[in-house]
Amino acid sequence: GMMISSGDKSSSQIRDLDLAMDDVASGNFVLGEYHFTLAVYADSQEKLARQIATTRAELSNAGFVSAKEDLAIASSFYAQLPGNWRFRTRIANLSSLNFLGLSPLHNFAQGKQHNNPWGDCVTTLQTTNGQPYYFNFHATHPAENSLGEKAIGNTMVIGKSGTGKTALINFLLSQVQKFDPVPTIFFFDKDRGAEIFVRACGGNYLALENGVPTGFNPFQCERNEANTQFLAELVKVLGGKAEY
Numbered sequence: 001g002m003m004i005s006s007g008d009k010s011s012s013q014i015r016d017l018d019l020a021m022d023d024v025a026s027g028n029f030v031l032g033e034y035h036f037t038l039a040v041y042a043d044s045q046e047k048l049a050r051q052i053a054t055t056r057a058e059l060s061n062a063g064f065v066s067a068k069e070d071l072a073i074a075s076s077f078y079a080q081l082p083g084n085w086r087f088r089t090r091i092a093n094l095s096s097l098n099f100l101g102l103s104p105l106h107n108f109a110q111g112k113q114h115n116n117p118w119g120d121c122v123t124t125l126q127t128t129n130g131q132p133y134y135f136n137f138h139a140t141h142p143a144e145n146s147l148g149e150k151a152i153g154n155t156m157v158i159g160k161s162g163t164g165k166t167a168l169i170n171f172l173l174s175q176v177q178k179f180d181p182v183p184t185i186f187f188f189d190k191d192r193g194a195e196i197f198v199r200a201c202g203g204n205y206l207a208l209e210n211g212v213p214t215g216f217n218p219f220q221c222e223r224n225e226a227n228t229q230f231l232a233e234l235v236k237v238l239g240g241k242a243e244y
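Sequential numbering of the sequence shown, starting at 1, is according to my numbering.
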């Protein structure tokens, strides 16, 4: 009202204020108090001054109006701790929509430690900030007991050559050896990268080489309708062409 009566020509601001009042009345968002404190640390006063200047410049570029605290520095520090509402020295009025934009909730996934289809997690990995990640091949709801559930455990490992894909797979498969009963594993390997791992786990490793008999003879399988159908399809594949 004051902007209109004074002849203020900022029509876009007037429209925004009208829209904001309508949203508040409609309950689309609420207004509340917001307080932000950023503590900057350094090894010397000179370095601290440079870091403060850099920090305030970055905040300014993002549209924030910051102030370097002096007399209320202790209150500002303790206001960072949960529940210390009375120590807030500089309070701003903020909408819930803007507050949402200031709350990115940065964190890392933690996986599921217990009650997985196989029981406890396969293994525990470390995130970049030092938190544990409980790895499983199965993706089940974290709050549900999925023990014994026949969930699908499809897992894909993607990466450039030489980055450790085979090593990671070998490690994860070595971790499943702790389960009872021990899972049966069929490992299709390339360039014999997993041969040492398979043999170390007590497995049988068969290397297929060009011109060397494999010893495979699918026609020695039991004679029944299912196997007969499989062999018929196999012969078609072996005797067929990719293109006709």
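Where is the CB? At the ideal position from N, CA and C, for every residue including glycine.
Return the residue from the list the options that minimises the CA-CA distance to residue i.
{"i": "asparagine 28", "options": "Asn224, Gly239, Ser95", "result": "Ser95"}
{"i": "glycine 162", "options": "Leu234, Ser76, Gly193", "result": "Gly193"}
{"i": "proline 142", "options": "Lys236, Ala67, Asp120", "result": "Asp120"}
{"i": "tryptophan 85", "options": "Phe179, Gln45, Thr37", "result": "Thr37"}
{"i": "alanine 167", "options": "Ile152, Gln110, Glu195, Phe179", "result": "Glu195"}
{"i": "asparagine 136", "options": "Gly153, Gln51, Ala62", "result": "Gly153"}
{"i": "valine 182", "options": "Ser75, Leu125, Val30, Gly203", "result": "Gly203"}
Does residue i come out as helix, strand or coil in the three-state DSSP assignment?
{"i": "alanine 74", "result": "helix"}
{"i": "glycine 240", "result": "coil"}
{"i": "proline 218", "result": "helix"}
{"i": "serine 96", "result": "helix"}
{"i": "glutamate 225", "result": "helix"}
{"i": "glycine 153", "result": "coil"}
Taking 6 Å as the limit between beta carbons, can you name the residues of its chain near residue i, skipping five residues before and five after?
{"i": "arginine 88", "result": "His35, Ala79"}
If you drop the 5 nearest sequence neighbours on each side, which residues of the same chain put their C-beta closer than 7 Å to that of residue i?
{"i": "threonine 228", "result": "none"}
{"i": "leucine 48", "result": "Val40, Ala42"}
{"i": "leucine 231", "result": "Pro218, Phe219"}
Spatial neighbours of residue i within its chain, please: CB distance less than 8 Å, with the 5 preceding and 5 following residues excluded, ordered by chain position.
{"i": "serine 174", "result": "Phe197, Cys201"}
{"i": "lysine 150", "result": "Pro117"}
{"i": "alanine 207", "result": "Arg192, Glu195"}
DSSP puts residue i in a beta bridge; with which residues?
{"i": "glutamine 126", "result": "Pro132"}
Starting from residue i, trace the alpha helix (DSSP H) in both directions and tell me its first and last residue.
{"i": "glutamate 58", "result": "45 to 61"}
{"i": "glutamate 33", "result": "Taken as a continuous stretch (DSSP letters only), glutamate 33 belongs to no alpha helix (DSSP H), being part of the beta strand (DSSP E) at 31 to 34."}
{"i": "isoleucine 169", "result": "165 to 175"}
{"i": "alanine 20", "result": "11 to 26"}
{"i": "leucine 196", "result": "The sequence given here places isoleucine at residue 196; leucine does not occur at that position. It spans 195 to 200 - the alpha helix (DSSP H) in which isoleucine 196 sits, taken as one unbroken run."}
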